[in-house]
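Positions 1 to 336 (full-length UniProt numbering) are the ones given, in order, by the sequence shown. Where is the CB? At the ideal position from N, CA and C, for every residue including glycine. Being a predicted model, the structure only gives us computed values, none of them experimental.
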Amino acid sequence: MQQPPVDRQALGKAFLKYSKMLNENPAQKRIYLEGGRVQCLPCGSAELGGNQELSNHPSAPGDSSFDIPPKTTQLQCMSERYIFHLHIISVLGKAWDTSDQQSKFNVLPCVWQTFIGWSSKDFADVHGLVMHAYNPPNADSFVDHLGLHKALCVLKGWDYTKVPDNSKAYQSLPPDLVRANREDLIIWPPTVIIRNTATGRKKDGRSEGLGNKEMDKKIAELGFAGGKSKSLYGKEGHLGLTLIKFANNPSGLKEAERLAEFFERQDHGRVGWSRGQATHNLDPDTNPMLVETDSRGEKKRILYGCLAISSDLDELDSDSRKRATVKSIKEFDPSD
Numbered sequence: 001m002q003q004p005p006v007d008r009q010a011l012g013k014a015f016l017k018y019s020k021m022l023n024e025n026p027a028q029k030r031i032y033l034e035g036g037r038v039q040c041l042p043c044g045s046a047e048l049g050g051n052q053e054l055s056n057h058p059s060a061p062g063d064s065s066f067d068i069p070p071k072t073t074q075l076q077c078m079s080e081r082y083i084f085h086l087h088i089i090s091v092l093g094k095a096w097d098t099s100d101q102q103s104k105f106n107v108l109p110c111v112w113q114t115f116i117g118w119s120s121k122d123f124a125d126v127h128g129l130v131m132h133a134y135n136p137p138n139a140d141s142f143v144d145h146l147g148l149h150k151a152l153c154v155l156k157g158w159d160y161t162k163v164p165d166n167s168k169a170y171q172s173l174p175p176d177l178v179r180a181n182r183e184d185l186i187i188w189p190p191t192v193i194i195r196n197t198a199t200g201r202k203k204d205g206r207s208e209g210l211g212n213k214e215m216d217k218k219i220a221e222l223g224f225a226g227g228k229s230k231s232l233y234g235k236e237g238h239l240g241l242t243l244i245k246f247a248n249n250p251s252g253l254k255e256a257e258r259l260a261e262f263f264e265r266q267d268h269g270r271v272g273w274s275r276g277q278a279t280h281n282l283d284p285d286t287n288p289m290l291v292e293t294d295s296r297g298e299k300k301r302i303l304y305g306c307l308a309i310s311s312d313l314d315e316l317d318s319d320s321r322k323r324a325t326v327k328s329i330k331e332f333d334p335s336d
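Below is the structure:
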């Protein structure tokens, strides 16, 4: 198909929309990253009336907006897709067995979408989907498909500037460019993720950690203002994760970047945390990557922080994830 002229603004919005959709659901993200049959989100959205996007499904209990999708003609295709559905449900079932309560509710939308059997084209792997997205079946969905193509390439660490073909040369991209592409896509309102904020366990075995007020005080003592802390909790207690949310304007972004750069200068940014995670087999209470001793001989947690990006969406709580959008720093428009 000859590619029609591209509306760059519309393409940018489609890219950001699908960047969020690919990253916000842990079970779905795992399928795209680890392999297996995948489906085309633009085709699926169109066939369900254009308004049944994954991001519209809540991912936590108690959300009054949760409605079972209406019956569609796609139900007639269920028998033909039965074997494929069983395979996907089996994959999701494993995630269910090993997930915490919040993750289980993240799985539900995928289970439902699998069960109703979207009649959109499904592909053996992400390469096949990328080829389809770059050469969509009709001009009406061209912008959405091209946005998905770019979002998939960023997710997988591939080169979206190269035309995809069966040589798969586009799948080769230097690590520094992979990181740059991913870190360009920030969560909005601007947010800094602080990790390693758990402090121990209570008598009942539940994890405890720094609360919102305590974290607000620590951030203020470091010389940063305007951020609002939100500590995250699961069924086992404190998750060791705190979000620092800033105002959704250029000033808020600047302050969030300053805080992230502060941690980066101490080697306590995203890369530093990855190194700390590599020592997970050590005792967390004595691991020198996670705990330090101050001048008074007291042990203190070493905090790690970084600007939240689209690939962090699945770590956020359901409310923050639902309210968040994704923006490109390189193409940041304060009026958008």
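Cβ-Cβ distance between P42 and L148 below 8 Å: Numbered from its first residue, the sequence shown carries residue 42 at position 42. Numbered from its first residue, the sequence shown carries residue 148 at position 148. Yes. Within cutoff.
Reference L146; option with closest CA among L22, R323, Y18: Here residue 146 is taken as the residue at index 146 of the sequence shown, counted from 1. That would be Y18, whose Cα lies nearest to the Cα of L146.
Assuming V326 contacts L16 (C-beta within less than 8 Å), just tell me the rounded distance between them. Stepping through the sequence shown from its first residue, residue 326 is reached at position 326. Stepping through the sequence shown from its first residue, residue 16 is reached at position 16. Between L16 and V326 the Cβ distance is about 5 Å, and since that is below 8 Å, they are a contact.
From G35 to E221, what does the alpha carbon distance come to, in whole angstroms? As a first step, residue 35 is located in the sequence shown; it is residue number 35 there, counting from the start. As a first step, residue 221 is located in the sequence shown; it is residue number 221 there, counting from the start. The alpha-carbon atoms of G35 and E221 are separated by roughly 45 Å.
Which of the three DSSP states is assigned to R296 in this structure? For the purposes of this step, residue 296 is taken as residue 296 along the sequence shown, with counting starting at 1. The answer is coil: DSSP assigns R296 none of H, G, I, E or B.
Pair every Cβ in the stretch 235-242 with every Cβ in the stretch 201-215, then say whether three or more of these pairs are closer than 8 Å. yes
Does DSSP put C40 in a helix, in a strand, or in coil? Within the sequence shown, the letter at position 40 stands for residue 40. In the structure shown, C40 sits in coil (DSSP, three-state: anything other than H, G, I, E or B).
Three-state secondary structure assigned by DSSP to W158: By 1-based counting over the sequence shown, the position of residue 158 is 158. Coil, per DSSP.
Hey, out of R321, I31, Y32, K150, whose CA is closest to residue 344's CA? Because residue 344 is not part of the residues shown, which for the chain are 1 to 336, the question remains open.
What does a CB cutoff of less than 6 Å around P190 pick up in its chain, not counting 5 residues either side in sequence? Numbered from 1 along the sequence shown, position 190 holds the residue referred to as residue 190. Within the same chain, P190 has close Cβ partners F246, G252, L253, A256.
Cβ of G269 within 8 Å of Cβ of G305? Against the sequence shown, residue 269 aligns to sequence position 269. Against the sequence shown, residue 305 aligns to sequence position 305. Cβ atoms of G269 and G305: closer than 8 Å.
For H238, which beta-bridge partners are listed by DSSP? Numbered from 1 along the sequence shown, position 238 holds the residue referred to as residue 238. Bridge partners of H238: Y233.
Need the endpoints of the beta strand (DSSP E) that R201 sits in, please. As a first step, residue 201 must be located in the sequence shown, where it is residue number 201. 198-201 is the span of the beta strand (DSSP E), which, as asked, contains R201.
Bounding residues of the beta strand (DSSP E) (the contiguous stretch that carries L290): Residue 290 sits at position 290 when you count from the first residue of the sequence shown. It is not in any beta strand (DSSP E) - L290 carries neither H nor E in the DSSP assignment.
Give me whichever residues DSSP pairs with W188 in a beta bridge. Counted from its first residue, the sequence shown places residue 188 at position 188. Answer is T325.
Roughly how many angstroms lie between the CA atoms of L303 and R195, to the nearest whole one? In the sequence shown, the residue the question calls residue 303 occupies position 303. In the sequence shown, the residue the question calls residue 195 occupies position 195. The straight-line gap from Cα to Cα measures roughly 6 Å.
Can you pull the DSSP bridge partners for Y304? The sequence position of residue 304 within the sequence shown is 304, counting from 1. BP columns for Y304 point to R195.
Determine the contact status of W158 and L173, defining contact as a CB-CB distance below 8 Å. Sequence index remark: in the sequence shown, residue 158 carries index 158 (1-based). Sequence index remark: in the sequence shown, residue 173 carries index 173 (1-based). Yes, the pair counts as a contact, with Cβ atoms nearer than the cut-off.
Pick from R182, G44, N135, T161: whose alpha carbon is nearest that of K330? Residue numbering aside, residue 330 sits at position 330 when the sequence shown is read from its first letter. Residue R182 is the option with its Cα nearest to K330.
Name the one or two DSSP bridge partners that E208 has. Residue numbering aside, residue 208 sits at position 208 when the sequence shown is read from its first letter. According to DSSP, E208 bridges with G200.
Cα-Cα, which of S229, L33, D283, F142 is closest to D7? By one-based count along the sequence shown, residue 7 stands at place 7. Nearest option by C-alpha distance: F142.
In the structure shown, what three-state DSSP assignment does D314 receive? Taking the sequence shown and counting its residues from 1, the one referred to as residue 314 is at position 314. Helix, per DSSP.
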